[in-house]
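> So the sequence shown is residues 796 to 845, counted in our numbering. Don't be surprised by glycine CBs; every beta carbon is placed ideally from N, CA and C. Values in this document were obtained by computation on a predicted structure and should not be read as measured data. Submitted below is the structure of interest, expressed as structure tokens.
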Amino acid sequence: IVDLGTKLTVDGVYGTRTTTAVKAFQKDNGLPVTGIVDRDTWAALFTSDS
Numbered sequence: 796i797v798d799l800g801t802k803l804t805v806d807g808v809y810g811t812r813t814t815t816a817v818k819a820f821q822k823d824n825g826l827p828v829t830g831i832v833d834r835d836t837w838a839a840l841f842t843s844d845s
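What follows is the structure in structure tokens.
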């Protein structure tokens, strides 16, 4: 998520800002918007160009 241009810092905490970034990524990639990095989200993170 950080490498894809979000304004998050790596701090080891899966907080509100991380959840919001994951939901935005899921929405932008046509995935179910849950805020949870499931198998499909994980795969999309590693194949995403955006």
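State the CB to CB distance for the pair Gly830 and Thr814, rounded to an integer number of angstroms; the pair is presumed to be in contact (CB under 8 Å).
Indeed, because the Cβ distance is near 4 Å, the residues count as touching under 8 Å.
> Would you kindly work out how many angstroms separate the C-alpha atoms of Ala838 and Asp806, rounded to a whole number?
Looking at the two C-alpha atoms, the distance is approximately 22 Å.
> Within a Cβ cutoff of 6 Å, which residues of the same chain sit near Lys822, ignoring the five residues on either side of it in sequence?
Cβ neighbours of Lys822 beyond the five flanking positions: Val828.
> Could you tell me the boundaries of the alpha helix (DSSP H) in which Val817 lies?
Unbroken alpha helix (DSSP H) run through Val817: Thr811 to Asp823.
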